[in-house]
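In case it helps, this note's numbering puts the sequence shown at residues 374 to 739. First up is the structure itself, then whatever we jot down about it.
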Amino acid sequence: MRKTIYIALTICLLAITFAVKAQTNPYITRVFDFSPAPGQFVHVHPNVALGADSASVARQVEQELAGKETGMVSLGAFGGYIVMGFDHDVINQPGVADFVALGNAFNTSYGTNGEPGIIMVADDINNNGLPDDPWYEIAGSAYTNCIKNYAITYYKPSDSLDNASGDIANYIAWIDNQGNSGYLAKNIYHSQSYYPCWYDSTKTFYGTFIPDSVMADATTGYCDVFPNNNAQAGINIDDAVDANGQPANLTKIRFVRVHTGVYKVVAPFGETSTEVCGAKDLHATVGLENTKVEDLVLISNDKQTVVFNAPEAGEGTVYGAAGNIVKQFHVDNGYNSLNIEQLAAGVYVLTVKNNKQNYRLKLIKR
């Protein structure tokens, strides 16, 4: 009788074990297109040599960003964009952040250094590994007050202006589809060409535009506004909408596109430009990349406590949805009880490491 109960209990425990798929790399692995708008960091981030073409620039950016979050590129003024891809599907887990479009914001709460980039996502519906399926915009906090289908055209400056240094007010001319026109000025800090060398005499960019009047509202749902490890930097795939603003109802994505969502020049520092450091799947196993990983056995998970069984002792770390460490503790061999009463509601990942093996477990705080 006891043996029968033990077998039944073992089956039940295995049945409620969370199967968290380990990814070898939670970061993007491909850059399909890098098309920055004119800006003071063009030819600087990245350091592109004159004479480069679009394909070689995309390869250079891929080397800068793929598989990590320590690289960085600038998208320039409004419209400049990058198209990136994962080597796996990022799964939409309803109600929680699924990925982060990585930027270089450093403030812990939204402030004047926010440079919001509009985020779009796509699934690989035709399974060809290319971003040629429908795109859907992440409806950020300022979505309803933004200008949709905005377009701006930049004009290549003359050689005399391009080679000049110092503060040149009438440097790169532009017009938009709202009846506006103006110039992107060259500032005193950067003397190289602000116009990408691989473009023709004009370059037009399209996309959702965040007016100055609502820029302060552009907080959640954007790139380069909150630090990457801040929970508010996380992006929920549930927020993806179609061209009519209706929910896209995506179950997964493979590709991420980011474009600078504002046109704002702050003298004497230059234009506001979204910086991108890649993208990260928040459901990939955190901290255990490129290692053999096994699942822990979950015994129970309620609002106050998680009970689990660990086959070996080790050091435990609980990660939040944005990849931030929220708790660290020692894990014993056998049954362990973890108090989660102080954690906010959401999904977490517990990792356990020792000298022999790595383990993980998905936790839910309701």
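Ideal Cβ placement from N, Cα and C applies to all residues, glycine included.
According to the DSSP assignment, Q605 belongs to no alpha helix (DSSP H), since it is labelled neither H nor E. A Cβ-Cβ contact shorter than 8 angstroms links G476 with T647. About 5 angstroms separates the beta carbons of A474 and V631, which is inside the 8 angstroms limit, making them a contact pair. Proximity of the stretch 406-415 to the stretch 449-458 meets the contact definition, three or more beta-carbon pairs being nearer than 8 angstroms. Taking the Cα of G689 as reference, the smallest distance to any Cα among K726, F642, G449, F681 is reached at K726.
Note: V639 is bridge-paired with G643 in the DSSP secondary-structure output. Across the set F582, V670, C650, D505, the C-alpha of C650 shows the shortest separation from the C-alpha of M445. The beta carbon of E714 is closer than 6 angstroms to those of Q677 in its chain, skipping five residues each way along the sequence. Under the 8 angstroms Cβ criterion, the stretch 544-559 does not count as touching the stretch 609-618, having fewer than three qualifying pairs. Straight-line measurement puts the Cα of V587 at about 29 angstroms from the Cα of L655. Taking 8 angstroms as the cut-off, the beta carbon of Y572 is found no closer than this to the beta carbon of K559. In the same chain as R739, and ignoring 5 residues on each side of it, the C-beta atoms closer than 8 angstroms to its own belong to D675, K676, A718, in chain order. Excluding the 5 residues flanking it on each side, D597 has same chain C-beta neighbours closer than 6 angstroms at G476, A478, E488, G490, T647, E648, in chain order. DSSP, reduced to helix, strand and coil, places D675 outside both helices and strands of the structure shown, so it counts as coil. Selection K521, N601, S514 evaluated against A589 yields S514 as nearest (Cα-Cα). The DSSP-derived three-state label of T517 is helix. The C-beta separation of T633 from G449 comes to about 6 angstroms, placing the pair in contact by the 8 angstroms criterion. M588 carries a helical assignment under DSSP once its states are collapsed to helix, strand and coil. Residues N674, V720 of the same chain have their beta carbon placed closer than 7 angstroms to that of I737, with the five preceding and five following residues left out of the count. Boundaries cannot be given for Q551, as no alpha helix (DSSP H) includes it and DSSP labels it neither H nor E.
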